[in-house]
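Protein sequences appear in the order of chains A and B. First residue of the first sequence: 1, per the UniProt record's numbering; consecutive thereafter. First residue of the second sequence: 1, per the UniProt record's numbering; consecutive thereafter. Positions of the beta carbon are idealized from the N, C-alpha and C atoms, including for glycine.
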Amino acid sequence: MGRKLLLEHINVPGINTLAVYREKGGYRAVEKALKSMSPEDVVEEVKKSGLRGRGGAGFPTGMKWSFLAKPEGVPRYLVCNGDESEPGTFKDRYLMTYIPHALIEGMIVSSYALGANTSYIYIRGEMMPQIRIMEKAIEEAKAAGYLGKNILGTGYDLEIYVQPGGGAYICGEETALLESLEGKRGNPRIKPPFPAVAGLYNCPTVVNNVESIAATVPIVNDGGEEYAKIGIERSTGTKLISASGNLVKPGVYEIEMGLPVEEFIYSDEYCGGIANGKRLKAVVAGGSSVPILPANLITHTINGNPRLMTYESLADGGFVSGTAMGSGGFIAFDEDQCIVRNTYNYTRFYRHESCGQCSPCREGTGWMEKILYKIEHGHGSMEDVDLLWEIQRKIEGNTICPLGDAAAWPVAAAIRHFRDEFEWHILHPQEAQQRNYGLAHYADPLVPVTE
Amino acid sequence: MAEEIQKFKVTIDGITIDVDPGTTILNAARQIGGEIVPPAMCYYSKLEGSGGKCRTCLVKVSKGSEKDPRPMPKLVASCRTTVMDGMEVLNITAPEVVEARKAVVEMLLINHPLDCPVCDQAGECKLQDLGYEHGALQQRYEFERRTFERIDIGDKIQLHMNRCILCYRCVFVANQLTEKREHGILNRGDHAEISTFIHQALDHDFIGNVIDVCPVGALTDKTFRFKNRVWFTKPVNAHCNCSKCSGKVTLWYKGTDVIRVTARKDEFDEVEEFICNECRFERKHTDDWVLEEPTKVSDQSVIASNHYEAFNPPAVIKNDPQLKEANVEQLARSEKLK
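Okay, structure coming up:
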């Protein structure tokens, strides 16, 4: 049984209320941080914990905090990115729905560490119930003296506001989020300057994911070193994984970093295997943007080592045979799923969500979608696959924000690992409309690499 | 003595220049001039906040600076990246930059109608130049292009969204030169479009400048539409006493008629001084203006092609080495005009 830090009390009735949350040890971190630690101490603990951003990029949170510019007389802001809209990811929504106070407690601790007196929680516009839950929780915390002026008599002031999102995937990109928060069209900004120097209203700003902020609570409570003991190497602590797809028990799980992927999929403690007795064909390990891997590569790395749920192990093999931890949106596909159709579906999403600012992403995503539609509906040709490869390569890295990369990677990985299936679609257009390619060789044990 | 300003040394394609701190790579390249200047479809030095969008100006930074010599991991937009001391930049000497630029041009053209034969911008269109420079002979895009209805925004300007490359320049003009913000981008992705607030007419003294800043033929002058091809007209610099603007313009003559008035543009195709609508749309007689001199047009431009008589050197020049040397320039020109 893995340790739980965030979801330990998730099944306690009424944990969404302040009273029950405090009964279970909530707001200890606020008292500890505000009364006995300096802001620098908190940053130091977070650095020691090795906590990495849980939103997708995996950038060390402590380091991000230490980059924050601190000019005199200019306010600093903490913005919580709750615009969770990556297909396959629903961990933040779960956290906000069931333990809203964990986020608020984390917000207070983090804001204190950064010296922010106003903080914002930017929640995806479609998640109206969660916005209401957070607003209610903020009211409760304020009434109990954890927010507002002179918190717990320490002289520290903090106000937290909830902002409903602008209704676009791109608003989850940190600079687009800041634009949207300022009331403008959610177009990503051109970096530099980075938000740590000129973010919200041109002031130094830190943007963190919901889970990263909530994770500061156990770090402050138990100390960074204690947190770093969980997990392996540079992947420390626990991570929320939102498992979906053809699994027996899809849902949000808190895992210790370093859990083998195979155990996560098949053990009864977690997903309980593939639904309906089918076999696993492919996995998208971290939300739709990360490369899709066939079954044999997700359970083992190219060198034959078991693949673990860590930032390093999932990325082992780079783009050739690896994937990424991403935001923890774990999507499993069984043998009846069509990878071409799935890739088309993802591309359709990215085309729809591209902000239209820079040309490669605006035009390229639409182009890829049209080609994939053509292949999926039995009108493709072999050159189309090469063209698709070419287009994704031209989008990747040439855009303002990572949405271009996010649109290119799934296509690249699908062609790299499932080229057979694309070709089968093209060569058997009639058959491809009636049945799926099936499991084929995608779960065969890997041939050991011989030198 | 005034304190000397610290200059930054930057090397672009092997040519070194000292520039002021805060200069962008693109502007440093423009100070050098010539072929190494990256093309810019969306950046406009007179418009604050422009640039970074079209990605045609991508360059490779092979050395970050003297202090931190690491190269930048990705190609960067030269119009929005400021130089560091000791920075080394590769533009046309890096194959990946040329390849990326070619890809961007291809992407810009997939939804472009390619109706150059009937487009008023043809001949002075940056996209046409870029397509000519980088485009493959055949397009690989085989699907339906996005189309829009033409809209009249105001009585003098027509918006033809099909040709638009969403550079946002006109949006910046409308935001920065006029008081009311009635003009912006609707929707997103490849279905984004420039539009006005519920088909409102754009009515402001300086709104005509959106025509000049548009790099393609999406915004056209209705008083000039379909009147003529630019290469049949002769540009002449002129000025007048205008109460609203500087009055410095270029008149485009066809025979003795002024058929178009635009602002003066520099060698990078940027407007020098924005002009008012009255100068642009109303003053179309020679007596409204004080003529200065013929506008200098690059001999690379198609506009120049009708303004040089072919030079036929007498046979004696071709044979005599001394005369040949004395007439090098003319001979080169006659080669070009052949």
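Straight-line Cα distance separating residue j from residue i
i, j, result
"residue 459 of chain A", "Pro306 of chain A", "One cannot answer for residue 459 of chain A here, as it falls past the ends of chain A, which runs 1 to 451."
"Met1 of chain B", "Pro39 of chain A", "Interpretation of Met1 of chain B is limited by its pLDDT of 46, a score under 50 that renders its predicted location unreliable; the figure taken from the coordinates is listed afterwards. Cα to Cα, Met1 of chain B sits roughly 46 Å from Pro39 of chain A."
"Asn436 of chain A", "Lys265 of chain B", "60 Å"
"Met257 of chain A", "Ile241 of chain A", "11 Å"
"Asp316 of chain A", "Asp334 of chain A", "23 Å"
"Trp367 of chain A", "Ile426 of chain A", "18 Å"
"Ser36 of chain A", "Thr175 of chain A", "34 Å"
"Met325 of chain A", "Thr24 of chain B", "36 Å"
"Trp389 of chain A", "Ala406 of chain A", "14 Å"
"Pro69 of chain B", "Arg22 of chain A", "52 Å"
"Pro129 of chain A", "Asn111 of chain B", "40 Å"
"residue 456 of chain A", "Glu254 of chain A", "The requested residue 456 of chain A does not occur in the structure, where chain A is confined to residues 1 to 451."
"Ala332 of chain B", "Leu127 of chain B", "28 Å"
"Glu110 of chain A", "Gly14 of chain B", "According to the sequence as given, residue 110 of chain A is Ser; it is not Glu. Using only the alpha carbons, I get a separation of about 48 Å."
"Ile230 of chain A", "Arg3 of chain A", "8 Å"
"Ala282 of chain A", "Leu372 of chain A", "19 Å"
"Asn237 of chain B", "Ile303 of chain B", "15 Å"
"Thr216 of chain A", "Gly62 of chain A", "10 Å"
"Lys7 of chain B", "Gly123 of chain B", "39 Å"
"Thr233 of chain B", "Trp252 of chain B", "6 Å"
"Cys245 of chain B", "Ile275 of chain B", "5 Å"
"Arg351 of chain A", "Pro215 of chain B", "25 Å"
"Ala408 of chain A", "Tyr344 of chain A", "12 Å"
"Arg30 of chain B", "Asn342 of chain A", "46 Å"
"residue 519 of chain A", "Ser327 of chain A", "Residue coverage of chain A in this structure runs from 1 to 451, which leaves residue 519 of chain A outside it and unanswerable."
"Met50 of chain B", "Met309 of chain A", "For clarity, residue 50 of chain B is Ser in the given sequence; the question names Met instead. C-alpha separation (whole angstroms): 43 Å."
"His183 of chain B", "Asn175 of chain B", "8 Å"
Contact under 8 Å by Cβ, residue i with residue j
i, j, result
"Met84 of chain B", "Gly52 of chain B", "no"
"Pro291 of chain A", "Ala412 of chain A", "yes"
"Asn16 of chain A", "Ile99 of chain A", "yes"
"Val97 of chain B", "Leu58 of chain B", "yes"
"Val162 of chain A", "Ile138 of chain A", "yes"
"Thr347 of chain A", "Gly189 of chain B", "no"
"Asp212 of chain B", "Lys156 of chain B", "no"
"Gly287 of chain A", "Pro87 of chain A", "yes"
"Glu312 of chain A", "Glu225 of chain A", "no"
"Met41 of chain B", "Cys54 of chain B", "yes"
"Thr250 of chain B", "Ile207 of chain B", "no"
"Val79 of chain A", "Trp65 of chain A", "no"
"Ser212 of chain A", "Gly26 of chain A", "no"
Residue i - partner residues in DSSP beta bridges
i, result
"Cys80 of chain A", "A:Ile121 and A:Asn208"
"Val249 of chain B", "B:Ala238 and B:Ala263"
"Tyr253 of chain A", "A:Ile241"
"Pro100 of chain A", "Per DSSP, none; premise fails for Pro100 of chain A."
Residue span of the beta strand (DSSP E) that contains residue i, given as start and end
i, result
"residue 459 of chain A", "The structure shown does not extend to residue 459 of chain A, since chain A is modelled only from 1 to 451, so the question has no answer here."
"Ile5 of chain B", "Taken as a continuous stretch (DSSP letters only), Ile5 of chain B belongs to no beta strand (DSSP E), as it is neither H nor E."
"Tyr350 of chain A", "Segment Ile339 to Glu353 is the alpha helix (DSSP H) holding Tyr350 of chain A; no beta strand (DSSP E) there."
"residue 454 of chain A", "Chain A is shown only over 1 to 451; residue 454 of chain A falls outside these bounds and no answer can be derived."
"Phe333 of chain A", "Gly329 to Asp334"
"His183 of chain B", "His183 to Leu186"
"Lys70 of chain A", "Looking at the DSSP string, Lys70 of chain A is not in any beta strand (DSSP E), and its letter there is neither H nor E."
The alpha helix (DSSP H) enclosing residue i, as first and last residue numbers
i, result
"Ala33 of chain A", "Arg28 to Ser36"
"Ala408 of chain A", "Leu403 to Leu427"
"Pro321 of chain B", "Pro321 to Ala326"
"Ala282 of chain A", "Segment Leu280 to Val284 is the beta strand (DSSP E) holding Ala282 of chain A; no alpha helix (DSSP H) there."
Check: Which residues, taken in chain order from the segment 353 to 364 of chain A, show a beta carbon closer than 9 Å to some beta carbon of chain B?
Finding: Glu353, Ser354, Cys355, Gly356, Gln357, Cys358, Ser359, Pro360, Cys361, Arg362, Glu363 and Gly364
Next item on the list: Check distances from the C-beta atoms of the segment 166 to 179 of chain A to those of chain B and list, in chain order, the residues that come in under 9 Å.
Entry: Ala168 and Ile170
Item checked: Positions along the segment 52 to 72 of chain B whose CB lies within less than 9 Å of some CB in chain A -> Gly52, Lys53, Cys54, Arg55, Thr56 and Leu58
Note to self: Counting only Cβ-Cβ distances shorter than 9 Å, please list the residues of the segment 172 to 190 of chain B near chain A, keeping chain order.
What the structure shows: Gly184, Ile185, Asn187, Arg188, Gly189 and Asp190
Note to self: If the cut-off is 7 Å on Cβ atoms, which residues from the segment 376 to 395 of chain A count as contacting chain B, listed in chain order?
What the structure shows: Leu387 and Lys394
Checklist line | Against chain B: residues of the segment 55 to 70 of chain A by CB proximity under 8 Å | finding: none
Next item on the list: With 9 Å as the limit, tell me which residues of the segment 127 to 153 of chain B have their beta carbon closer than that to any beta carbon of chain A; keep them in chain order.
Entry: Arg140, Tyr141, Glu142, Phe143, Glu144 and Arg146
Check: In chain order, what residues of the segment 94 to 109 of chain A put their CB closer than 9 Å to some CB of chain B?
Finding: none
Next item on the list: Residues of the segment 3 to 33 of chain B with a CB closer than 8 Å to any CB of chain A: list them in chain order, please.
Entry: none
Next item on the list: Below 8 Å between beta carbons is the criterion; list the residues of the segment 217 to 247 of chain A that meet it against any residue of chain B, in chain order.
Entry: none
Item checked: chain B contacts from the segment 289 to 318 of chain A (Cβ-Cβ distance under 9 Å) -> none
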